[in-house]
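So the structure is just underneath, and the comments pick up after that.
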Amino acid sequence: MAKEIKELTPRDENYSQWYNDLVIKADLAENSAVRGCMVIKPYGYAIWEKIQRQLDDMFKETGHVNAYFPLFIPKSFLSKEADHVEGFAKECAVVTHYRLKNDPNGKGVVVDPEARLEEELIVRPTSETIIWNTYKGWIQSYRDLPILVNQWANVVRWEMRTRLFLRTAEFLWQEGHTAHATQEEALEETVKMLNVYAEFAEKYMALPVIKGVKTFSERFAGALETYCIEALMQDGKALQAGTSHFLGQNFAKAFDVQFIDKEGKREYVWSTSWGVSTRLMGALIMSHSDDNGLVLPPRLAPYQVVIVPIYKTDEQLAQIDTCVAGIVSALKALNISVKYDNAQNKKPGWKFAEYELKGVPVRLAIGARDLENGTVEVARRDTLTKETRTSENIAVYVKQLLEDIQANIYQKACDYRTSKIITVDTYEEFKEKIEEGGFILAHWDGTIETEALVKEETKATIRCIPLDGDQTPGKCMVTGKPSAQRVIFARSY
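Residues 22 to 514 (the numbering used here) make up the sequence shown, in order.
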């Protein structure tokens, strides 16, 4: 059974299948009866809760508050901002009726044709329109600004090709929507939230990211600028891990949201929106895990330590229980989450395999000999190494070990990314290197046509124009025309 639970397709054999195997076998999620939608299982949801809780604290530390807005959006709202409706029109789920009735032929229920809605409702793909219609009633004067609101919710975007966590028809996310009196305040907010996302990714997910600006073609529908953080997965593909949008006055004008400024003049409000989703779960899995299963950074692990007893008799188990009670108490006193698995329906070997698969950062094992010697076996998930330690002050040791694991996982991801950042000057070299995966730094002439050509011929997109990148001008690798700076190309999820 221990072998069966760990059987994963090797990453170098089929990375996509490895990912799917791991999501299912580690009890993170599964496909549902609804096409394109997933069931997030308790262990997977526990990780999402840790992500959610930490981000929520960071949002509130920067002055934001939570609210909730309707799931349904009148169709007419999406018609008010042209770029926005064009960007989401093909992904919208539409509610047309409000009632069912028994099938006259006795075949269950059917839609009641008499119950058609006067105006169709869109299941929210994002909430800018319903929120800005609401803000119109909240904002009259500069004294009402800024509004710094975040929403934790689900959204629906009718994806045709889905993959658990990475791309599903329904997913969970947060979306911040802020209103400001000036352009400068809105731009400051946009960058501030980008930095919050980057700090979270690196400090908690142990995931190095590059901060940048999207090209015109890759911007959020209705935004003037889209800022992003981009991460590199172990297969050399990029994953957009968060976005923050400067919306200008587009939605304020679409919904006529004006305010009286300090000089008594009427002005349109400036706005931003920003969000991350359960896609972060996919990033967490693909950036750190290995052929043995999940590798979770301690700061996001549902439990950071698991303790497994090894015994032959009930008397031995009772003695181990007494010993473990003190260790659990000491760990909890240091704010370390711990699970003691003394269930008798599974053997220790099975438990070792299960917790390795689930990525628990530290495993402690205590047997009869350990009780005699006052020792504990300590196994760390990131390196798969084991050592025997004295049980005295083991909690203090584990606390430091967890910090070491967090740092090691981050450094490993940084080293991998560094090895996969390549600079090229010619299109021929680009076509060769893109097959190897990774971030490719190259000059681009700034045109939509060249960007589209590269995408068509190589399946690579411009992930971002890096904010901290090399600002040295050069020549476009494709056309030879002047280029302001190098941009990052990659194939992506």
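Heads up, the beta-carbon is just placed ideally off N, CA and C, and yes, glycines get one too.
> Bridge partners of Asp311, per DSSP?
Replying inline: If you number the sequence shown from 1, residue 311 lands on position 290. DSSP links Asp311 through a beta bridge to Gly314.
>> For a test of the three-state rule: what should DSSP assign to Asn126, helix, strand or coil?
In response: By one-based count along the sequence shown, residue 126 stands at place 105. DSSP places Asn126 in the coil class of the three-state scheme, outside both helix and strand.
> Between the C-alpha atoms of Ala511 and Gln195, what's the straight-line distance to the nearest angstrom?
Replying inline: Against the sequence shown, residue 511 aligns to sequence position 490. Against the sequence shown, residue 195 aligns to sequence position 174. Rounded to whole angstroms, Ala511 to Gln195 spans 26 Å at the Cα level.
> What number of angstroms, rounded off, separates the C-alpha of His464 from the C-alpha of Pro63?
Replying inline: If you number the sequence shown from 1, residue 464 lands on position 443. If you number the sequence shown from 1, residue 63 lands on position 42. Those two C-alpha atoms are separated by around 46 Å.
> What is the residue span of the beta strand (DSSP E) that Val115 lies within?
Replying inline: Taking the first residue of the sequence shown as position 1, residue 115 is located at position 94. Where Val115 is concerned, the enclosing beta strand (DSSP E) stretches over Ala114 to His118.
> What residues in its chain sit with their C-beta under 6 Å from that of Cys497, if we drop five residues either side in the sequence?
Replying inline: Taking the first residue of the sequence shown as 1, we reach residue 497 at position 476. Result list for Cys497: His464, Trp465, Asp466 and Ser504, in chain order.
>> Strictly by DSSP, which residues pair up with Pro95?
In response: On the sequence shown, position 74 is the one that residue 95 refers to. In the DSSP assignment, Pro95 forms a beta bridge with Leu142.
> Would a C-beta distance cut-off of 7 Å place Gly380 and Leu317 closer than the cut-off?
Replying inline: For the purposes of this step, residue 380 is taken as residue 359 along the sequence shown, with counting starting at 1. For the purposes of this step, residue 317 is taken as residue 296 along the sequence shown, with counting starting at 1. With respect to Leu317, Gly380 sits close: the two C-beta atoms are nearer than 7 Å.
>> Can you list, in chain order, the residues of its chain with a C-beta nearer than 7 Å to that of His118? Leave out the 5 residues immediately preceding and following it.
In response: On the sequence shown, position 97 is the one that residue 118 refers to. So the qualifying residues of the chain are Val132, Asp133, Ala136, Arg137 and Leu138.
> What number of angstroms, rounded off, separates the C-alpha of Ser310 from the C-alpha of Gly129?
Replying inline: Position 289 of the sequence shown, counted from the start, is the residue given in the question as residue 310. Position 108 of the sequence shown, counted from the start, is the residue given in the question as residue 129. One alpha carbon belongs to Ser310, the other to Gly129, and they sit about 46 Å apart.
> Any chance the region 251-258 sits against the region 301-309, with 3 or more Cβ pairs inside 8 Å?
Replying inline: Segments in contact, yes.
> Among residues of its own chain, excluding the 5 on either side of Ile72, which ones have a beta-carbon nearer than 7 Å to its beta-carbon?
Replying inline: Numbered from 1 along the sequence shown, position 51 holds the residue referred to as residue 72. Contacts found: Leu301 and Leu321.
>> I'd like the list of long-range same chain contacts for Thr409, defined as Cβ closer than 6 Å, with 5 residues on each side in sequence excluded.
In response: Reading the sequence shown from its first residue, position 388 is the one you call residue 409. If we look at Thr409 and ignore the five residues flanking it on each side, its Cβ neighbours are Thr396 and Glu398.
>> Classify Pro31: buried if its beta carbon has 16 or more other beta carbons within 10 angstroms, exposed otherwise.
In response: By 1-based counting over the sequence shown, the position of residue 31 is 10. Only exposed fits Pro31, as fewer than 16 other CB atoms lie within 10 angstroms of its CB.
>> If I measure Cβ to Cβ from Gln161 and keep anything under 8 Å in the same chain, skipping five residues before and after, which residues do I get?
In response: Translated into positions along the sequence shown, residue 161 becomes position 140. Cβ neighbours of Gln161 within its own chain (closer than 8 Å, five residues either side excluded): Phe280 and Ile281.
> Hey, does Leu215 have any beta-carbon neighbour from chain C nearer than 7 Å?
Replying inline: This model lacks chain C altogether, as it is built from one protein chain only.
> For the alpha helix (DSSP H) that contains Arg2, what are its first and last residues?
Replying inline: The displayed coordinates of the chain run from 22 to 514. Any statement about residue 2 would go beyond what the structure contains.
>> Nearest by alpha-carbon distance to Ile143: which of Leu99, Ile152 and Arg184 is it?
In response: Taking the first residue of the sequence shown as position 1, residue 143 is located at position 122. Residue Leu99 is the option with its Cα nearest to Ile143.
> Using a Cβ-Cβ cut-off of 7 Å (strictly less than) and excluding sequence neighbours within five positions of Gln492, which residues of its own chain qualify?
Replying inline: For the purposes of this step, residue 492 is taken as the residue at position 471 of the sequence shown. Excluding residues within five positions, the ones whose Cβ falls inside 7 Å are Gln506.
> Taking three-plus beta-carbon pairs below 8 Å as touching, is the region 420-439 in contact with the region 220-235?
Replying inline: Touching, yes.
> Cα separation between Met22 and Arg384?
Replying inline: Here residue 22 refers to the residue found at position 1 of the sequence shown. Here residue 384 refers to the residue found at position 363 of the sequence shown. In this prediction, Met22 has a pLDDT of 43, which is less than 50 and means its spatial position is unreliable; nothing more can be read from the coordinates.
> Cα separation between Asn414 and Pro319?
Replying inline: As a working note, residue 414 is residue 393 in the sequence shown. As a working note, residue 319 is residue 298 in the sequence shown. Each residue's Cα considered, the two are about 20 Å apart.
> For the candidate residues Lys360, Leu352 and Asp342, whose alpha-carbon lies nearest to that of Gln421?
Replying inline: Position 400 of the sequence shown, counting from 1, holds the residue named residue 421. Closest in alpha carbon position to Gln421, among Lys360, Leu352 and Asp342, is Leu352.
> Which one or two residues does DSSP pair with Pro330 in a beta bridge?
Replying inline: Taking the first residue of the sequence shown as 1, we reach residue 330 at position 309. Residue pairing from DSSP places Pro330 in a beta bridge opposite Ile387.
> beta strand (DSSP E) containing Thr293: first to last residue?
Replying inline: The residue given as residue 293 occupies position 272 in the sequence shown. Counted as a single uninterrupted DSSP element, the beta strand (DSSP E) harbouring Thr293 occupies residues Trp291 to Ser298.
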